[in-house]
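Residue 333 is where the sequence shown starts when you use the numbering used here, and the numbers rise one by one after that.
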Amino acid sequence: MREQNCKAAHTELARSLARRMSAFVDEVIIPNESLLAETGEVSLRLQVDLMNKARLAGLCGLFYPLSHGGKIASLEDYLIVAEQEGRTEFSQTIFGSHTALDAHMLLKFGNEAIRRQFLEPMVTGGAIPSYGMTEPDHSGSIPSLITTTAQLSNGSWYINGRKWFISNADRATFMTVLVRIAGADTAPNSALSMIVVPMDTPGVKIERQLTMMGHSYGQGEVSFNAVQVPEHNLLGAYGSGLDLMNKRLGLGRLLRAMNWIGLAQRCMDLMGARIHSIRGKFSRLADKQLVRQHIFNTFQAIVSARELIRIAARGVDAQNPNEIAINVAKMAASRALCIASDCAMQLYGAEGLSDLTPLYGINRIARTSRILDGNDESLISSVGRRLINHYQQQTVYPFD
Numbered sequence: 333m334r335e336q337n338c339k340a341a342h343t344e345l346a347r348s349l350a351r352r353m354s355a356f357v358d359e360v361i362i363p364n365e366s367l368l369a370e371t372g373e374v375s376l377r378l379q380v381d382l383m384n385k386a387r388l389a390g391l392c393g394l395f396y397p398l399s400h401g402g403k404i405a406s407l408e409d410y411l412i413v414a415e416q417e418g419r420t421e422f423s424q425t426i427f428g429s430h431t432a433l434d435a436h437m438l439l440k441f442g443n444e445a446i447r448r449q450f451l452e453p454m455v456t457g458g459a460i461p462s463y464g465m466t467e468p469d470h471s472g473s474i475p476s477l478i479t480t481t482a483q484l485s486n487g488s489w490y491i492n493g494r495k496w497f498i499s500n501a502d503r504a505t506f507m508t509v510l511v512r513i514a515g516a517d518t519a520p521n522s523a524l525s526m527i528v529v530p531m532d533t534p535g536v537k538i539e540r541q542l543t544m545m546g547h548s549y550g551q552g553e554v555s556f557n558a559v560q561v562p563e564h565n566l567l568g569a570y571g572s573g574l575d576l577m578n579k580r581l582g583l584g585r586l587l588r589a590m591n592w593i594g595l596a597q598r599c600m601d602l603m604g605a606r607i608h609s610i611r612g613k614f615s616r617l618a619d620k621q622l623v624r625q626h627i628f629n630t631f632q633a634i635v636s637a638r639e640l641i642r643i644a645a646r647g648v649d650a651q652n653p654n655e656i657a658i659n660v661a662k663m664a665a666s667r668a669l670c671i672a673s674d675c676a677m678q679l680y681g682a683e684g685l686s687d688l689t690p691l692y693g694i695n696r697i698a699r700t701s702r703i704l705d706g707n708d709e710s711l712i713s714s715v716g717r718r719l720i721n722h723y724q725q726q727t728v729y730p731f732d
C-alpha cells in the first residue's frame, strides 16, 4: 500500500533518489555511526570523507534550488528523499540538507552580491551557513524582544549584540543575523531586518560552545562588537526581518520534520529487528500485547505525521503556506520521533540506553525536537489562538 501511495504522489526521479539515498545510508553511513558519534579528529576526518563520497555520488544538496545544483523542485516530492536522509542522525552534515534552507533564502531574498559571495560558494561546499536569531538575555526568540542592533552609517551596517544556540557556530563561514534597526516604539513587522555577516569579520567572536544533553551539536554563543559589513549585505527589504523570520521558520520546520520521520522509521525498524532476533524470540516478544502496542503506536504516529507533513508541503509548493498546517506537522513529527525512540528503547532495555545501539543518540534528538524551531507550548498556543479566532467569522473549519 505504501509503495502504491508513493507512486501516486511522487515522481520517478524522487523515488530513484530515495532508493539511492537509502542504499548510501545503509551501506556507507550506518556502519560508521559509532565512529561518527565520537569526538575528536578521527570523527571529523571521517565526516569529511563521507561528505565527499556523498557529493561524488550526487546525493548532496538535493533540495537546493534547481538553479544551484538541486534536483527536486517540489517539497512534497522531497519528502520521501528527506526521510531516507534522516534515518541517521548525521545526515544533515553529510548530505548538506541543513543548508538547503539557507540556499532558498539567499536565492529568493538576496541581491546579486549576496548570491555571489555567500550562496554560490555554499552550494559548492566552500562555505558553511549559520543563523543567528535567539538571544541569551530573554525568553526564546520573541521578535519584540530582539536586542541585537544594526545601525546604518555611510554605506555600512554596524552590529552590536549577542546570539546563542547558533547551529554550525563552530565551523560556519557566514551567519544570517536577525537584528533590530528601529527602537522599541516601532512595530516588530517593520523594526527588524536580516543581515549576512562573514564570520571572519572583526568584532565577531565565538564566546563559547554549548552542549545539549551532554552532547555537542555544533551550537554556540556568538557576540558582535561594532561589527561592520557593507550595506548590500541586507537580506530582503529594509525592515522585513519579521516576515523573513516567519518564512524561514515555516520551511525549516518542515525540512526538520521530514528528517525526524526518517529517524522514527529507523527506530521502528530497530524494534522489528529486536522482536525477531534470537533474544527477542527467546523472550517471546512478538507474543506480548504491550510489545504489539509499542509497535502499533509507533506506526500510527509515523503514518499520521507523514500525511500532515505532506499536506503542509503541498501548501508551500502552491505558494500558499498554511502556518497552522506547518506547526501541527512539526509537532506531529516531533511526537512521532519521541514515541518511536521511547518504544524502541523499552524493547532494547539497558542495551538501548548504552552506546551499543544508535537509540540513545536518537532519543536525545527526539527530546530536543520539542524545543528547537519553536517549543511545543508556543506552537500549541499559536495554533489554538488561530483556530479560536477562525470561529469568530466562520461556523465550520475547512479541512480541505
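From the three backbone atoms N, C-alpha and C, an ideal C-beta is built for every residue, glycine too.
Secondary structure of residue i, DSSP reduced to three states
i, result
"phenylalanine 497", "strand"
"glutamine 336", "Note that glutamine 336 scores 45 on pLDDT, short of 50, meaning its location in the model is unreliable and no value can be drawn from it."
"tyrosine 490", "strand"
"tyrosine 723", "helix"
"phenylalanine 506", "strand"
"valine 623", "helix"
"alanine 558", "strand"
"isoleucine 527", "strand"
"glutamine 651", "coil"
"valine 660", "helix"
"isoleucine 412", "helix"
"serine 714", "helix"
"arginine 512", "strand"
"isoleucine 474", "coil"
"tyrosine 396", "coil"
"leucine 688", "coil"
"proline 520", "helix"
"threonine 431", "helix"
Inter-residue Cα distance where the pair is residue i and residue j
i, j, result
"phenylalanine 731", "leucine 719", "12 Å"
"asparagine 707", "asparagine 557", "30 Å"
"phenylalanine 356", "arginine 512", "44 Å"
"glutamate 417", "glutamine 424", "8 Å"
"alanine 740", "asparagine 364", "In the structure as shown, the chain starts at 333 and stops at 732, and residue 740 therefore has no counterpart that could be examined."
"alanine 698", "serine 485", "45 Å"
"histidine 547", "arginine 598", "21 Å"
"valine 374", "glycine 594", "26 Å"
"arginine 347", "isoleucine 412", "7 Å"
"glutamine 678", "alanine 516", "50 Å"
"leucine 376", "isoleucine 362", "16 Å"
"histidine 430", "alanine 482", "27 Å"
"alanine 736", "tyrosine 549", "Any answer about residue 736 is impossible in this case: the structure gives the chain only from 333 up to 732."
"lysine 403", "valine 360", "21 Å"
"methionine 333", "leucine 477", "With a pLDDT of 36 at methionine 333, under the threshold of 50, the modelled position of this residue cannot be trusted; read the value that follows with caution. Their backbone Cα atoms lie some 49 Å apart in a straight line."
"serine 488", "glycine 428", "31 Å"
"arginine 585", "leucine 688", "30 Å"
"valine 455", "proline 461", "10 Å"
"proline 397", "isoleucine 656", "25 Å"
"isoleucine 527", "alanine 676", "43 Å"
"serine 647", "phenylalanine 395", "Correcting the residue identity first, residue 647 is glycine in this sequence and not serine. Rounded to the nearest angstrom, the two C-alpha atoms are 17 Å apart."
"asparagine 695", "tyrosine 410", "25 Å"
"arginine 352", "asparagine 652", "31 Å"
"asparagine 654", "histidine 400", "27 Å"
"proline 690", "asparagine 578", "33 Å"
"serine 525", "leucine 382", "36 Å"
Beta carbon of residue i nearer than 7 Å to that of residue j
i, j, result
"methionine 603", "isoleucine 627", "yes"
"alanine 386", "isoleucine 426", "yes"
"methionine 590", "alanine 414", "yes"
"methionine 600", "threonine 700", "no"
"leucine 438", "leucine 451", "yes"
"methionine 507", "glycine 464", "yes"
"glutamate 421", "aspartate 649", "no"
"leucine 669", "tryptophan 592", "yes"
"arginine 702", "serine 666", "yes"
"leucine 622", "glycine 573", "no"
"arginine 616", "aspartate 705", "no"
"valine 367", "leucine 378", "Before going on, a small fix: residue 367 reads as leucine here, not valine. Closer than 7 Å, so yes."
One or two residues paired with residue i in a DSSP bridge
i, result
"histidine 547", "Met544"
"glutamate 553", "Arg540"
"threonine 630", "None; threonine 630 has no bridge partner."
"proline 453", "According to DSSP, which records beta bridges pairwise, proline 453 is partnered with nothing at all."
"glutamine 483", "Tyr490"
"serine 462", "Met507"
"leucine 567", "Met526"
Near the ligand ZN: residue i beta-carbon under 6 Å from a heavy atom
i, result
"serine 366", "Although the ligand ZN was asked about, the structure shown includes no ligands whatsoever."
* Asked: Is there contact here, the region 567-576 with the region 639-658, by at least three beta-carbon pairs under 8 Å?
  -> no
Validate contact between the region 491-502 and the region 547-555 using beta carbons, cut 8 Å, 3 pairs = yes
Note to self: Measuring CB atoms only, is the region 434-454 touching the region 472-485, in the sense that at least three cross pairs come out at less than 8 Å?
What the structure shows: No, because fewer than three Cβ pairs between the region 434-454 and the region 472-485 fall closer than 8 Å, the two stretches do not touch.
- Report yes or no: do the region 608-617 and the region 653-660 share at least 3 C-beta pairs separated by less than 8 Å? Segments in contact, no.
Next on the checklist: Whether or not the region 710-717 and the region 674-691 are in contact is what I'm after, with contact meaning three or more pairs of Cβ atoms, one per stretch, closer than 8 Å; do they touch?
Outcome noted: no
Can we say the region 538-552 touches the region 485-497, given the rule of at least three CB pairs closer than 8 Å? Yes, they touch.
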